[in-house]
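What follows is a set of notes on a single structure, which appears directly below.
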Amino acid sequence: MPEGGERRHGSEERRQMEERLSGLVQDATVKVHGPMDAGDGRSPGIWGSGFFVAPGRVLTCAHVLSELVDGRRVWRGDGEIRITYRTPDGSGEATVAGRLWHCLPGMDEVPEGRRGLWPTPDLAIVELTEHVDHPCVWLSDLSTPPSDSGGWLLYRGFTYDEYGSLSDWEGYCQVAGVHGRYVLRLTGHGGEIKEGLSGGPVVDLGRGAVVGVIKSRRNDRDGGNCVRVTALRALRSAGTLGEDPYQDLILAHDGWHWDAQQRHGADNHTWASVQSHLLSRGRPWRPLDRVQALGLLAKLPPAPDVGTIGKLVDEVCPGQRTSRMERPGAWRDGAGLLYDPFDKREEKAVLGYLVNVARQQRRAAPGPAGELIDWALERARSLRPDEREELARLAAPEPIRIGHAGVRSDAPGGFAADPGPLVHRADAEREEPGADQASDPNGASNGAFDPNGAFGAHGRSGPRRSSRPESGPRPDPEAALTDGSAVVLLEFRGDWWLEGLYSWTVRLMSHTGDVELMAVGQGVPVDGLDRPPPDLADALREVFLQADAGRNIAPLCVVLPQELFDIPVDEWEISRSSRHESAGLGAVRFVSVVDQLSYGRTAPEVRRFSREWPPEDTTPRAVPLLGEYGRDYGLGRGYRDGPGRDPGAPAPVLYHCGPISTGPAADALRVALDAWHAVVLWRRDQAGPEVCERFDRGVRELVLGLRNLGELPAAVAELRATSGPDDPASDWAHGIALLWDDPVLRSALTSDLLDTP
């Protein structure tokens, strides 16, 4: 077994533990090949290497499967794959059949001509067709790459020696750097990566965990590239399996390791036991703690989305996550984000996160959630008394609320006017309204909006929906969070040096109020904005995955110069998202326009504007932006002259049938915006008198049916989800847009937020 790289083991105990770790890796590493008679005469015709990551699942590189077998395309799931592995009893090897379960990129996304240069992530998972006993490697739960400050990595696989015989190969290397999102560059003195090693594991010897998969080698030089195992989290957004393949894989992985630890105890036959000797003895959160915690997490239902995980992490350690970290895809990844927290002790942070997860899943899985809470509180005995008390308060059941169920005075006979106290738990099940109860802004004569309808109650930054329209999957109601949403901010700015072209930025404002730049782009022509540019679509898809948490769907606020107000952002389709964007953005989430020019106002002006913004409980009133036939402005006296609205007066909602980027409507809108008017409804498309008459009537009925101004954004979102251009009853609302300049959101944005980097 050749060894590449010169290094020092340190103590004799560490040398022994690294040897045992090497044995664990060897036991789980497999040969990937075709039928026994395939290949070039060197049976069994090895294509590459791989390793067991979960019961019945082998991880390898996708390009390893690019061979043709009897004309069948294995990388597209056509035909069987053979996996040869070491038998657990050490008696030799056995071979079992498997089929492609999933690959990244997707099997239909790679042209045949590129099979030899498979693009990253270049990962494939093979599922065995029959049950066999085998060990599994331990996959790192960290979101950051291994350090390039001198730590050694071990890699394994199978290759042919100079005599043509197939043999094990073990080498050592170091991290030379990070390339993009998925790839680690490897280097090492004598660390040669040979043909056949592709798909083999790369192990961080400092932590005793698999961190990568060998992808390629450098010609005539030591080292090469490997793909980080965090790339597996992209399986969540691949969207071809219907479920969540990453969580399915990782829950099985963690469950297997916890079962193995319980079987073997504290001896050195498990990954956690070996890790306990490799890591610093002074760390309070030990590998044996981790394997048990992740094993208990594996008993819970899968995490509903990326945003929920991130939100629970932020609750115990705000600011710990950054956009440079790979987004979490399963409960275990949230715990991995809390190792070495910057502002508190690791032990307290992880235990707090575990309790948060258990509380969030208490209704969906009371047994496993209770088991996790009990273990976390028992494990917290090593914390300070004040920390234990804080954790116990966090783990306590939700308080009981007592209210009264009021009955109208005209209730039918037999019903008491006051039925007495209504007692319910804060986390009790609530019945959702059925489809027949959903509101229809055009059906009733007053266009009443149902606040319990598809888009639920509205917060300052957008609606908090109690369900979703049929255009997207309905989330698990057990997974809903009760606090506010994050907000996604998209801005377009004209490139002053290139006329007609625009740059864009995407930022995420978390529920804690922190704002982070997520992506930038430039050189976008205005006539190309009927649909999102590909790089912008990718950026929005990624940020929505991080921002959406349970049923708190992040609103999208689009900051635009007035000449772009009519671009149909709410109709953009962000394809291949794992959860939400199966229809236009506006049918799934609250999308609003924000006037870019208004952000140039001084701080005192902004504070004055915030004071004048009507409260959410203010009654709204529909006011036409232009008078009949556009002869005069429909702005009432007092709205031209800036702040000074009568607190008791209804809040005007300006509306217009047609585009507002140019012409008289644009001039009138500028007057309104300069007069601090901040709520405008319009129909982007030019329409004839008949449609505009229906639009006028529909908007008036919609606004009249609102109990207060705060319900308007949710009502517009619901209208977008239910209207269609071919439906005579709702075609008036097709292309409806909303300008909603919320001062609370505005106050969270600093002046440098909107500067193009």
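Be aware that the sequence shown starts at 28, since it is given in the working numbering, and climbs by one per residue. All C-beta atoms in this analysis are idealised placements derived from N, C-alpha and C, irrespective of residue type, glycine included.
- Sequence-distant Cβ neighbours of H161 in its own chain, meaning closer than 6 Å and more than five residues away, are F79, Y112.
- The Cβ atoms of V318 and W358 do not sit closer than 7 Å to each other.
- A straight line joining the alpha-carbon of P412 with that of V230 spans about 38 Å.
- Residue environment: R734 is assigned as exposed (fewer than 16 neighbouring CB atoms within 10 Å of its CB, all protein chains considered).
- G611 carries a coil assignment under DSSP once its states are collapsed to helix, strand and coil.
- Per DSSP, V240 is one residue of the beta strand (DSSP E) stretching across 236 to 244.
- For H291, DSSP assigns no beta-bridge partner whatsoever.
- Excluding its 5 nearest sequence neighbours in each direction, I594 has C-beta neighbours in its own chain below 7 Å: L556, listed in chain order.
- Under the three-state reduction of DSSP output, Q43 falls in the helix class.
- Beta-bridge analysis with DSSP links S619 to C584.
- Between L404 and Y380, the gap from beta carbon to beta carbon reaches 7 Å or more.
- The residue among V515, P561, P552 with its C-alpha nearest the C-alpha of M545 is V515.
- Judged by DSSP secondary structure, K58 falls within the beta strand (DSSP E) whose first and last residues are 56 to 60.
- At least 7 Å separates the beta-carbon of G239 from that of S76.
- Under the DSSP definition of a beta bridge, I763 partners with R710.
- The beta carbon of H206 sits closer than 8 Å to the beta carbons of R212, N252 from its chain, once the five residues preceding and following it are set aside; these are given in chain order.
- The alpha carbon of P82 has as its nearest neighbour, out of V202, I277, V586, the alpha carbon of I277.
- With a threshold of 16 other beta carbon atoms within 10 Å, P314 meets it and is buried.
- Annotation for Q201: the continuous beta strand (DSSP E) segment containing it runs 193 to 206.
- Measuring C-alpha to C-alpha distances from E222 to each of E197, L306, G215, L399 identifies E197 as the nearest.
- A Cβ-Cβ distance of about 35 Å is found for the pair G233 and D575, leaving them out of contact under the 8 Å criterion.
- At a cut-off of 4 residues, the continuous stretches assigned as alpha helix (DSSP H) that sit fully inside the segment 377 to 425 are 393 to 406, 412 to 422.
- With contact defined as three or more Cβ pairs closer than 8 Å, the segment 150 to 159 and the segment 112 to 127 are in contact.
- Assigned with DSSP and collapsed to three states, E745 falls in helix.
- Across the structure, E738 and K338 are spaced so that their CA atoms are roughly 26 Å apart.
- Judged by DSSP in its simplified three-state form, D231 adopts strand.
- Nearest to Y209 by C-alpha distance, out of A261, I687, I220, is A261.
- Between the alpha carbons of E543 and P560 lies a gap of roughly 21 Å.
- The distance from the Cβ of Y182 to that of P132 is about 23 Å, inconsistent with a contact at the 8 Å cut-off.
- The Cβ atoms of F592 and V620 lie closer than 7 Å to each other.
- Going by DSSP, W74 is part of the beta strand (DSSP E) stretching over 73 to 81.
- Collapsing the DSSP output to three states places C719 in a helix.
- In its chain, beyond the 5 residues on either side, no residue has a beta carbon closer than 6 Å to the beta carbon of G690.
- A Cβ-Cβ separation of about 11 Å leaves L327 out of contact with D281 under the 8 Å criterion.
- Within the same chain, A385, Q388, R389 come within 6 Å of A396 by CB-CB distance, once the 5 residues on both sides are set aside.
- In the structure shown, the three-state DSSP call for P132 is coil.
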